[in-house]
Amino acid sequence: MSFGLREGGNLIGRESSCAIRINHPSVSRKHAVLTVMFGLVTLRDLGSSNKTFLGGKEITTEVTIGVGAEVKFGSIEARLSEES
25 MSFGLREGGN LIGRESSCAI RINHPSVSRK HAVLTVMFGL VTLRDLGSSN
75 KTFLGGKEIT TEVTIGVGAE VKFGSIEARL SEES
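Each residue of the sequence shown is one higher than the one before, counting from 25 in this note's numbering.
Below, the structure is given as structure tokens:
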């Protein structure tokens, strides 16, 4: 499964209003946000119960991520890839 990111904030979570909806019990209703601005992508956890991880390490601040980054939302694994 893949999702396109739009410029600005892309909310990730279980809620139907999320740009990236992941319907899984380990993912919070509003889990994290991926922000695309001027060609850069940042990731920030929104106080989720099961945390957000980048490369296996819990993120506690907003971090810049690049193509190929391995991200985990709760127990759901994802990878940032280029547009095809």
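Think of the CB as a built atom: it goes at the ideal place given N, C-alpha and C, for glycine as much as any other residue.
Owing to the predicted nature of the structure, the values given are computational and were not obtained by experimental measurement.
Where residue i falls: helix, strand or coil (DSSP)
i	result
G63	coil
I89	strand
R53	coil
Rounded Cβ spacing between residue i and residue j (contact assumed at less than 8 Å)
i	j	result
R38	S26	At roughly 18 Å, the Cβ-Cβ gap does not stay under 8 Å, so R38 and S26 are not in contact.
V65	L104	7 Å
F97	I46	6 Å
Residue closest to residue i, alpha-carbon to alpha-carbon, out of the options
i	options	result
H55	T84, S105 and G79	T84
E86	R103, F97, E101 and T59	T59
I44	I89, G28 and S72	G28
E106	C42, V91 and H48	V91
G33	N74, I100 and D69	D69
Beta carbon of residue i nearer than 8 Å to that of residue j
i	j	result
S41	I100	no
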